[in-house]
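Below is one structure, written out as structure tokens; the observations come after it.
Residue numbers (full-length UniProt numbering), protein chains in the order written: chain A, 1 to 124; chain B, 1 to 418.
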């Protein structure tokens with residue numbers, strides 16, 4: 001089953017330490033080699049994006065930045081055998097920030113992507 | 001959810017994620033895959049006792065490994081002492097209690113996993129035993145899960161695993177990578193096991209027991225792990241590419257009623273672009289590593305031709321026909337020839353396809369194979385030879401054991417009557 005992990009956070013004024021970037025690379029490599037990580041990428045600040053909305057029948061396109069308490073920072077798609085496994089990978093990712101970037105705060109949403117298993121019959 | 005249940009879930013998850021590496025590292029230590037598995041499970045039992053009380057450690061994998069390692073060393077010491085007491089001092093066990101273990105164990109994890117894969121897929125074992133042992137040791141699947149996936153009784157699987165472990169111990173199969181001279185042959189066995197697991201899951205449709213589709217995911221995971229461990233082996237990437245691209249079509253392979261949908265009739269918008277991209281990347285890696293393309297890479301290249309085509313009409317059938325021609329040379333089989341005839345029929349017209357196909361009519365292995373008359377019927381229908389085509393489709397319907405396929409063939413036969 002597949003999970004989308006969205007990382008949202010507030011960056012401290014200091015730039016991300018090199019150790020953190022290295023830790024993220026290592027964790028990504030580990031998750032890739034474990035066959036779990038399918039795709040991941042960093043997301044630019046919303047100033048470089050746009051929002052398309054439908055309100056009261058009206059389509060509108062607004063350029064960023066949007067006022068959000070926290071910026072979306074990255075996403076990752078995992079192929080795992082349970083929600084707990086996806087949570088564990090997300091946990092390891094957030095722990096890296098705790099251990100290596102003083103003052104960083106944020107959260108990772110772990111969202112299940114619909115897959116064939118959601119349409120299969122009950123276990124025999 | 002109570003804290004206890006949550007901890008148990010956490011432990012189960014960590015086991016799934018870490019057990020293969022644990023068992024691999026421990027096998028290196030104790031040189032016995034059965035004992036290594038027991039040690040790993042002992043560590044898990046200790047975790048079950050301690051984690052609900054003390055909390056899940058920050059690095060659970062390392063915790064389990066350290067715990068299992070201590071138990072292994074205790075056991076070896078005890079055994080060494082025991083044997084010493086039995087005045088077997090003459091046998092030197094110092095090599096088995098090498099103090100360097102602790103230091104180099106963690107660096108060797110990748111190699112250890114690779115060794116474990118080669119061990120579980122050793123040709124000394126029957127194919128069924130290789131499959132069961134691989135899923136058990138590398139996939140962390142429980143015996144009942146393997147049994148359910150392969151539709152065999154649980155005691156049968158348990159027996160296979162026990163016997164496989166005993167055979168490995170008795171024949172003293174070393175925990176090492178095969179010598180270079182044997183590498184490609186042994187690697188072929190590893191790839192075969194993974195692809196067998198994949199096909200077992202892929203052949204099942206969505207309506208079946210949910211364990212079977214998860215076999216596909218499991219095989220893909222094993223393939224991806226293997227690609228990470230043996231990145232310079234082109235066929236490993238070839239197999240991963242083949243599995244990723246085939247898996248990308250999962251949602252399109254059956255209709256709302258669960259009927260199979262043939263490749264050319266599939267709704268391509270439901271093909272999984274992420275898996276296609278990953279498959280094409282893996283294929284590029286395999287091709288860049290050079291050398292002669294192996295059977296998995298060739299099949300992946302054929303699958304890629306379909307994946308790259310936005311519509312069936314865009315398919316590069318000439319390339320597919322060429323790839324089948326190469327495949328027929330390195331890994332000849334009547335099935336490959338049958339597929340080649342289909343590709344030739346698409347690339348150069350039904351008459352050319354039929355000409356190739358008719359050379360296969362006497363192939364013994366294909367007698368009773370429903371796709372032979374099905375393909376022939378299709379080519380004849382395209383040539384406007386409706387009466388002959390109808391006979392072929394009726395024959396295909398008679399031969400297939402799949403009720404849904406039979407309905408499709410009968411439908412095509414009746415269309416031709418009209």
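Note that CB positions come from ideal geometry on N, CA and C, so glycine has one too.
Every value quoted in this text rests on a predicted model; they were computed, and no experiment measured them.
Here residue 99 (chain A) is exposed, its C-beta having fewer than 16 other C-beta atoms within 10 Å. Along the segment 260-305 of chain B, the alpha helix (DSSP H) occurs as fully enclosed runs of 4 or more residues at 273-288, listed in sequence order. Looking at B:199, B:194 and B:253, the one whose alpha-carbon comes closest to that of residue 269 (chain B) is B:253. The three-state secondary structure of residue 400 (chain B), taken from DSSP, is coil. Residue-level contact check: residue 39 (chain A) touches chain B, since one or more beta carbons of chain B fall below 7 angstroms from its beta carbon. Taken through DSSP and simplified to helix, strand or coil, residue 258 (chain B) comes out as coil.
Cβ-Cβ distances below 6 angstroms link residue 7 (chain A) to 73, 74 and 108 in the same chain, with the five nearest sequence neighbours on each side left out; the list follows chain order. At least one C-beta of chain A is nearer than 7 angstroms to the C-beta of residue 250 (chain B). With a beta-carbon spacing of about 15 angstroms, residue 30 (chain A) and residue 13 (chain B) fall beyond the 8 angstroms limit used to define contacts. By the 16-neighbour rule on beta-carbons within 10 angstroms, residue 84 (chain B) is exposed.
Partner residues in a beta bridge of residue 36 (chain A), as assigned by DSSP, do not exist. DSSP, reduced to helix, strand and coil, places residue 336 (chain B) within a helical segment of the structure shown.
Contact between residue 224 (chain B) and residue 35 (chain A) holds: their C-beta atoms lie close to 4 angstroms from each other, under 8 angstroms. Chain-order list of chain B residues neighbouring residue 26 (chain A): empty, with the shortest C-beta distance near 13 angstroms, by a criterion of under 8 angstroms. Using a Cβ-Cβ cut-off of 7 angstroms, residue 225 (chain B) counts as an interface residue toward chain A, since at least one Cβ of chain A sits closer than that to its own.
Judged by DSSP in its simplified three-state form, residue 80 (chain A) adopts coil rather than helix or strand. Sixteen is the threshold: since fewer than 16 other Cβ atoms of the shown chains lie within 10 Å of the Cβ of residue 113 (chain A), the residue is exposed. For residue 22 (chain B), not one C-beta of chain A is nearer than 7 angstroms to its own C-beta.
For residue 17 (chain A) against residue 101 (chain A), the beta-carbon gap comes to about 6 angstroms, under 8 angstroms, which counts as contact. A Cβ of chain B is located within less than 7 angstroms of the beta carbon of residue 33 (chain A).
A distance of 7 angstroms or more separates the beta carbons of residue 116 (chain B) and residue 247 (chain B). When the Cα atoms are used, residue 282 (chain B) and residue 387 (chain B) turn out to be separated by approximately 45 angstroms.
Against chain B, a Cβ distance below 7 angstroms from residue 19 (chain A) picks out nothing, because the smallest value is about 16 angstroms.
The three-state secondary structure of residue 63 (chain A), taken from DSSP, is strand. At a cut-off of 7 angstroms between C-beta atoms, residue 274 (chain B) counts as an interface residue with respect to chain A. DSSP places residue 107 (chain A) in the strand class (E or B) of the three-state scheme. Interface residue (Cβ-Cβ distance to chain A less than 7 angstroms): residue 52 (chain B) is not classified as such.
In the three-state reduction of the DSSP assignment, residue 117 (chain A) falls in the helix class, which pools H, G and I. No Cβ of chain A is located within less than 7 angstroms of the beta carbon of residue 417 (chain B).
The beta carbon of residue 120 (chain B) is closer than 6 angstroms to those of 133, 134 and 137 in its chain, skipping five residues each way along the sequence. Distance from the Cα of residue 273 (chain B) is smallest, within the candidate group B:310, B:293 and B:145, for B:310.
The beta carbon of residue 59 (chain A) sits closer than 8 angstroms to those of 52 and 53, all from its chain and outside the five residues before and after it, given in chain order. Close to residue 95 (chain A), with beta-carbon spacing below 8 angstroms, are these residues of chain B in chain order: 58.
Contact of residue 82 (chain A) with chain B by beta-carbon distance below 9 angstroms involves 9, 12, 13 and 16. The three-state reading of DSSP puts residue 9 (chain B) in helix, counting H, G and I together.
Judged by DSSP in its simplified three-state form, residue 22 (chain B) adopts helix.
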